[in-house]
Amino acid sequence: MKKWKQSVAAVFCMVMVVIVAVHAEGYGKKEKKKLGILLVAFGSTIPEAQVSFENIDREVKASFSKIPVRWAYTSHMIRKKLARSGKHLDSPEVALAKMLDEGFTHVAVQSLHTIGGYEFHDLRRTVHQFQYPGGFKHIMLGFPLLSSQESMQRAGDAILANIPKDRKQNEGVVYMGHGTHHPSNAFYAALMFQVQRKDPNIFIGCVEGYPEINEIMAMLKEKNITKVFLMPFMSVAGNHARNDMAGDSEDSWKSILTKAGIESVPILKGTAEYDNMVAIWADHLGTVLDQL
Ligand code: CO
156 MKKWKQSVAA
166 VFCMVMVVIV
176 AVHAEGYGKK
186 EKKKLGILLV
196 AFGSTIPEAQ
206 VSFENIDREV
216 KASFSKIPVR
226 WAYTSHMIRK
236 KLARSGKHLD
246 SPEVALAKML
256 DEGFTHVAVQ
266 SLHTIGGYEF
276 HDLRRTVHQF
286 QYPGGFKHIM
296 LGFPLLSSQE
306 SMQRAGDAIL
316 ANIPKDRKQN
326 EGVVYMGHGT
336 HHPSNAFYAA
346 LMFQVQRKDP
356 NIFIGCVEGY
366 PEINEIMAML
376 KEKNITKVFL
386 MPFMSVAGNH
396 ARNDMAGDSE
406 DSWKSILTKA
416 GIESVPILKG
426 TAEYDNMVAI
436 WADHLGTVLD
446 QL
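Under the numbering used here, think of the first position of the sequence shown as 156, with each following residue one higher.
Given below as structure tokens:
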């Protein structure tokens, strides 16, 4: 190729690059950045459990004032039940579609789950699907409560700080986590291991996963513990906490432990009622907002 032809080709390429850049810039200017937050919880139908969501809502709005906050529940069953009593809550899909319609361009979705189980991974897929041409410019998902070694450490410290003040050292504290068939179930035992390095009489079991209550009871017996405080390790003190943990039916944790001669004092307060726990979720949201 002759030299002048090469020069013409080079100039042509440069002009094209400039045209594309100018076009992209112009397009970007037309669409102003509109940032929003979507908080996604499993949900609860128990009215007393709403304090947890109210606390998260308050904390998030205080930490990130000026950014509009929307809510969604992942549980279809809970949304259906609430709808029957006239309370409407969106699924993450509907909430995001509405935000898109409202002109949001950048969205930070924050999972309010405890571990990254099925619900979290479903949410991850949903978030991904909203990043199509014509969808959000940028959408990101924040990690659940337990997700890194640092968050495990913080959650462990919060557990230690939140145990009842009148609890004596030889008394146990038994937390009820939810549990799952998902591999992330391992977080519960991992957290218990770390907490027990600081206070050997704190236990974390699961209502629907490992370690089950029988496992926890065996540990209590080994340590000759005769009195425990029962606390939910779930964001809300909902159905599981009120019935499976503190209920009077034969198979509740309170009944099982009482039958085994272990006095149990239930405390119906979800983890999201404690500011030191909410701060962990809020910081995960902050990390996402920094990257948007
Ligand atoms: Co459940």
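For every residue, glycine included, the Cβ atom is placed at its ideal position computed from N, Cα and C.
Contact between residue 386 and residue 362 does not hold, since their C-beta atoms are separated by about 13 angstroms, which reaches or exceeds 8 angstroms. Non-local beta-carbon contacts of residue 318 in its own chain, meaning distances under 6 angstroms to residues more than five positions away in sequence, involve 328 in chain order. Between residue 206 and residue 428, the C-beta spacing is below 8 angstroms. Taking the CA atoms as reference points, residue 303 sits about 26 angstroms from residue 199.
At a threshold of 7 angstroms, residue 363 counts as near ligand 1, since its beta carbon sits closer than that to one of the ligand's heavy atoms. Residue 314 holds the alpha-carbon nearest to the alpha-carbon of residue 349 among 367, 314 and 336. Within a 10 Å sphere around the beta-carbon of residue 404 sit fewer than 16 other beta-carbons, which makes this residue exposed. When DSSP states are grouped into helix, strand and coil, residue 332 belongs to the strand group.
Taking 7 angstroms as the cut-off, the C-beta of residue 337 does not count as close to any heavy atom of ligand 1. Under DSSP, residue 418 takes part in a beta bridge, and its partners are 382. Contact between residue 266 and residue 299 holds, since their C-beta atoms are separated by about 5 angstroms, short of 8 angstroms. In this structure, DSSP gives residue 443 a helical state, which the three-state scheme calls helix. At a Cβ-Cβ threshold of 8 angstroms, residue 294 and residue 249 do not count as neighbours. Excluding sequence positions up to five before and after residue 402, its CB lies within less than 8 angstroms of the CB of 409 and 410, all in the same chain and listed in chain order.
The three-state reading of DSSP puts residue 282 in helix, counting H, G and I together. Under the three-state reduction of DSSP output, residue 265 falls in the strand class. Counting the other CB atoms within 10 Å of its CB gives residue 241 a total below 16, which places it among the exposed residues. In the three-state reduction of the DSSP assignment, residue 301 falls in the coil class, being assigned neither a helical nor a strand state. Between residue 333 and residue 389, the C-beta gap is smaller than 8 angstroms, which places the two residues in contact. Residue pairing of residue 226 in beta bridges, as defined by DSSP: 194.
In this structure, residue 380 sits near residue 356, with a CB-CB distance shorter than 8 angstroms. Only residues of its own chain outside the window of five on either side were considered, and among them 391, 392, 393 and 425 have a CB closer than 7 angstroms to the CB of residue 204, listed in chain order. If the five residues before and after residue 395 are omitted, its C-beta is found closer than 6 angstroms to the C-beta atoms of 362, all from its own chain and listed in chain order. Using a Cβ distance threshold of 8 angstroms, residue 271 and residue 442 do not count as a contacting pair. Inclusion of residue 346 and residue 311 in the CB contact set at 8 angstroms is warranted, their separation being smaller than that value.
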